[in-house]
Amino acid sequence: MEGRSRCSVGSAMAIVSLSLPSMPCEVRVMQCEFCDGQTKLKAVKRQHWLNGKLYIVENVEAEVCTACGERYFHAKTLDAIDELLLKQHVVEKTLDVEVVRFHREAA
Ligand SMILES: [Zn+2]
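Under UniProt numbering, the residue at position 75 of the sequence shown is numbered 75, and the numbers go up by one with no gaps.
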């Protein structure tokens with residue numbers, strides 16, 4: 001992945017808490033694309049990139065596969081995160097993040 005080499009600068013991450021406007025809660029079971037397991041609606045922590053900045057967003061609604069743990073986010077949830085981050089929001093804390101490159105041969 002040549003295009004990733006430019007990411008090797010220290011970047012700051014912000015942790016924000018997402019309080020979603022109470023959305024109509026559709027109870028519906030999704031099937032996992034990878035293992036055909038069933039998903040369950042859960043509140044998770046999501047790494048979210050917006051305009052070249054990384055945010056950790058807590059309390060994000062996701063469908064999580066009960067078998068393999070794969071997470072699926074609804075498009076409207078992702079839009080709501082973008083919206084939250086673009087306007088004034090409460091930052092719970094800021095972290096320093098290490099960006100490292102994985103070398104398969106370095107053992
Ligand atoms: Zn799965």
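Backbone N, C-alpha and C define an ideal beta-carbon position, used for all residues, glycine too.
Contact between L84 and E61 is ruled out by a C-beta separation of about 13 Å, above the 8 Å threshold. In the structure shown, D79 falls within a helical segment according to DSSP collapsed to helix, strand and coil. Between E63 and K45, the C-beta gap is not smaller than 9 Å, which leaves the two residues out of contact.
Within the model, the alpha-carbon separation for E70 versus Q88 is close to 31 Å. The Cβ atoms of V97 and L50 lie no closer than 9 Å to each other. Distances taken from the Cβ of D36 to the heavy atoms of ligand 1 include one shorter than 8 Å.
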